[in-house]
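Residues 1 to 406 (UniProt numbering) make up the sequence shown, in order.
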Amino acid sequence: MIGTIADDFTGGADVAVAFRSEGLRTLLFFGVPPSSAELPEHDAIVIALKSRMAPASEAVAQSLEALEWLRRHGSDQIYVKYCSTFDSTPAGNIGPLLDAVADAMSVDVVPMTPSSPEHHRTQYQGYLFVGSLLLAESHMRDHPVNPMRESSLPRLLRAQTDRDVGVVELDSVRHGDLGSILEHCTARYLFLDAVDSEDLRVLGKALRERALVAGAAGLARGIAAAKPGTLSLSTNPSLAGRAAVLSGSCSARTLEQVAAMIRASRPAYRIDPVTHTDPEVLAAAALTWYDGLPDGAAPLIYSSMGPVDLQRTQEVLGVQEASGILEATCALVATGLVSRGVRRLVVTGGETSGAVVSALGISGGTIGELADAGVPWIHPVEMPDLALLLKSGNFGAVELLVEATR
Ligand SMILES: Nc1ncnc2c1ncn2[C@@H]1O[C@H](COP(=O)(O)OP(=O)(O)OP(=O)(O)O)[C@@H](O)[C@H]1O
Ligand SMILES: O=C(O)[C@@H](O)C(=O)CO
Numbered sequence: 001m002i003g004t005i006a007d008d009f010t011g012g013a014d015v016a017v018a019f020r021s022e023g024l025r026t027l028l029f030f031g032v033p034p035s036s037a038e039l040p041e042h043d044a045i046v047i048a049l050k051s052r053m054a055p056a057s058e059a060v061a062q063s064l065e066a067l068e069w070l071r072r073h074g075s076d077q078i079y080v081k082y083c084s085t086f087d088s089t090p091a092g093n094i095g096p097l098l099d100a101v102a103d104a105m106s107v108d109v110v111p112m113t114p115s116s117p118e119h120h121r122t123q124y125q126g127y128l129f130v131g132s133l134l135l136a137e138s139h140m141r142d143h144p145v146n147p148m149r150e151s152s153l154p155r156l157l158r159a160q161t162d163r164d165v166g167v168v169e170l171d172s173v174r175h176g177d178l179g180s181i182l183e184h185c186t187a188r189y190l191f192l193d194a195v196d197s198e199d200l201r202v203l204g205k206a207l208r209e210r211a212l213v214a215g216a217a218g219l220a221r222g223i224a225a226a227k228p229g230t231l232s233l234s235t236n237p238s239l240a241g242r243a244a245v246l247s248g249s250c251s252a253r254t255l256e257q258v259a260a261m262i263r264a265s266r267p268a269y270r271i272d273p274v275t276h277t278d279p280e281v282l283a284a285a286a287l288t289w290y291d292g293l294p295d296g297a298a299p300l301i302y303s304s305m306g307p308v309d310l311q312r313t314q315e316v317l318g319v320q321e322a323s324g325i326l327e328a329t330c331a332l333v334a335t336g337l338v339s340r341g342v343r344r345l346v347v348t349g350g351e352t353s354g355a356v357v358s359a360l361g362i363s364g365g366t367i368g369e370l371a372d373a374g375v376p377w378i379h380p381v382e383m384p385d386l387a388l389l390l391k392s393g394n395f396g397a398v399e400l401l402v403e404a405t406r
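Put into structure tokens, the structure is as follows:
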């Protein structure tokens, strides 16, 4: 049974879809479940944490708790899911987190790759590409909270760990003896090139019995394909009820999706943390605006903004402070929307989703139909009449928010 530790909530949904797409019965939890949790039959468990941007010590503690829970509940393989654009800071948290998990499991070599061709992320000669651009030349260069200014995966990881880092180049992935490469590897971390889903399937086969593997949803799917289940993804939407979008991501694709909502003449309300810094005040104003909308409106409430405005806000308030204010505000707005009858709630951004899901008291959910690649509707255990779409910052078609809330 594959147990996965994902470093944010949208990433948890993404990797859960990867397992479900290969027919695995997959349970998705937000945070570490209680020991007493009764579990339905399953082939994979994903525990999504809010550890990506947390202080490294906190991220490590959360991950070790998740690891212990997963091993106690029958996981014989652990997958550490990080972002397909390797979102992290020079201090972590990918390195510290992997160090802690690998040490706890006494694992010598951790094979991995962020390659996720479905999301246009590929690894070649140890470099990470987004579409046809190197990571550091892509939109990730100006990511609002973790700008990525380096494209070499070994260099990125070496800044976060003292352990050795190696690369297996594409030619060896395609034509080499991966078993022997892994057996003779002296590096703790081994980045495996993969540029298409066939490469990931080859890797999945080679890694299906490894105790610990890491990467994004692409490799997770490769491994699942090597031990597929029998479930098919739901294709029957059966989604209904009042809809709203709450957007806290400032990623490039989200900005385009927000613009599409405005172009589609959806009622839109912008939360501005510079005018007020009290989340209660900001949320109350947004909800008062919502209360004035006509029945059936499917509005957008957002703080998403482009890099120039964002930088100005961050200079005035501080990066962490601005995030803290807005995440707390989104959490309050989400609670208010659900109590007012919203039944289809779309949230953009991993950190924002983490704040919202925690505020709603949702401990997990089942994976429903896909709104887009890696973006499933989630049906929360505690609120079966609510459908939740947690959208990764850079995922989805430009019209995704409009379409998902029709
Ligand atoms: N106007 C703003 N000013 C400053 N910070 C903002 C603003 N709007 C949003 N933020 C903060 O930026 C962060 C965005 O991170 P989040 O993880 O939600 O999105 P993302 O990084 O695009 O998503 P993902 O991790 O799924 O790719 C949040 O902490 C959010 O509160
Ligand atoms: O891997 C990705 O890109 C996503 O699942 C993600 O982690 C977004 O936060």
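By construction, the Cβ of each residue, glycine as well, lies at the ideal position given by its N, Cα and C atoms.
Proximity below 9 Å, CB of residue i to CB of residue j
| i | j | result |
| --- | --- | --- |
| Gly131 | Lys81 | no |
| Lys391 | Ser249 | yes |
| residue 480 | Ser63 | Only positions 1 to 406 of the chain appear in this structure, which leaves residue 480 out of reach. |
| Ala224 | Ala44 | yes |
| Gln77 | Met140 | no |
| His143 | Asp87 | yes |
| Leu287 | Val356 | no |
| Arg340 | Asp385 | no |
| Val110 | Leu212 | yes |
| Ala16 | Val46 | yes |
| Ser151 | Pro114 | no |
DSSP state of residue i mapped onto helix, strand, coil
| i | result |
| --- | --- |
| Leu170 | helix |
| Ala268 | strand |
| Phe191 | strand |
| Arg395 | One point to set straight first is that residue 395 is Phe, not Arg, in the sequence displayed. Three-state DSSP puts Phe395 in coil, outside helix and strand. |
| Tyr82 | coil |
| Glu41 | coil |
| Pro111 | strand |
| Asp196 | coil |
| Ser116 | strand |
| Glu209 | coil |
| Ala286 | helix |
| Asp295 | coil |
| Glu68 | helix |
| Gln62 | helix |
| Thr313 | helix |
| Asp76 | coil |
| Val245 | strand |
| Ala102 | helix |
| Asp372 | strand |
| Ala136 | helix |
| Gly365 | strand |
Start-to-end residues for the beta strand (DSSP E) that takes in residue i
| i | result |
| --- | --- |
| Ile2 | 2–6 |
| Tyr302 | 300–302 |
| Arg343 | 342–348 |
| Ile378 | 375–380 |
| Gln257 | Segment 252–263 is the alpha helix (DSSP H) holding Gln257; no beta strand (DSSP E) there. |
Boundaries (first-last residue) of the alpha helix (DSSP H) holding residue i
| i | result |
| --- | --- |
| Asp164 | Premise fails: Asp164 is in no alpha helix (DSSP H) and is neither H nor E. |
| Thr335 | 319–339 |
| Glu403 | 400–404 |
| Ala91 | Note, Ala91: premise wrong, no alpha helix (DSSP H); not H, not E. |
| Ser180 | 178–183 |
| Gly222 | 217–226 |
| Thr10 | 9–21 |
Expected contact under 8 Å - CB spacing of residue i and residue j to nearest Å
| i | j | result |
| --- | --- | --- |
| Asp193 | Gln257 | In fact, because the Cβ distance is near 31 Å, the residues do not count as touching under 8 Å. |
| Met112 | Ala214 | 4 Å |
| Gly136 | Arg121 | For the sequence presented, residue 136 should be read as Ala rather than Gly. No, Ala136 and Arg121 are not in contact; Cβ-Cβ is about 13 Å, not under 8 Å. |
| Val381 | Gly364 | 5 Å |
| Leu360 | Thr329 | The pair is not a contact, with the Cβ atoms about 15 Å apart (cut-off 8 Å). |
Problem - Contact set, ligand 2 heavy atom to C-beta under 5 Å - result: Asp8, Thr10, Gly11, Asp14, Cys83, Ser84, Ala216, Gly350, Ser392
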